[in-house]
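Asks: I am attaching a structure below and will ask some questions about it afterwards.
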Amino acid sequence: MSLLKNEPVEKLRKQIIKSVMDVLMLAELRNGAMSGYDAISFIHEKFGVLVSSGTVYSHLYALERDGLVKGDWETKKRVYDITEKGEKALETVAKANMELLNTLKHVLTP
């Protein structure tokens, strides 16, 4: 059995994906604007994790409140773009990536 198919590992993987959803959406927004529905589809297609519309929209609203994304109404849907502040936040996260991985490794190593 593959380690990733192990139920506790899969549950943890899904929790990790959901906990970094803001970063995932910001990174995807670098490729162009997207709606909440697009974000749900992206997370499901890319990571195999189904997230509710309520979860995605609450993250998008928080990102917008923090000035990391800007939402505009297009026809009947709200479409989000990454802001300059969002780009800078993403760069900061990318630089901290190795430190975060080392912390996780330290926590998991007996």
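First residue of the sequence shown? That's 2 in our numbering, and the numbers climb one at a time after it.
Idealized CB from N, CA, C, for every residue including glycine.
None of these values were measured; they are calculated from a predicted model.
Given a threshold of 16 other Cβ atoms within 10 Å of its Cβ, counted over all protein chains shown, does H60 qualify as buried or as exposed?
Replies: It counts as buried.
Asks: Can you tell me which of L27, V10, P9 puts its alpha carbon nearest to the alpha carbon of A90?
Replies: L27
Asks: Ignoring anything shorter than 3 residues or poking outside the segment 14-92, list the beta strand (DSSP E) runs there in chain order.
Replies: 70-75, 78-83
Asks: Looking at C-beta atoms only, is the number of pairs between the segment 101-110 and the segment 74-88 that lie closer than 8 Å three or more?
Replies: no
Asks: For G49, count neighbouring C-beta atoms within 10 Å of its own C-beta (all shown protein chains included) and say buried if the count is 16 or more, exposed if not.
Replies: exposed
Asks: How close, in whole Å, do the beta carbons of V52 and K19 come, if the pair is a contact with beta carbons under 8 Å?
Replies: About 7 Å separates the two Cβ atoms, so the contact holds.
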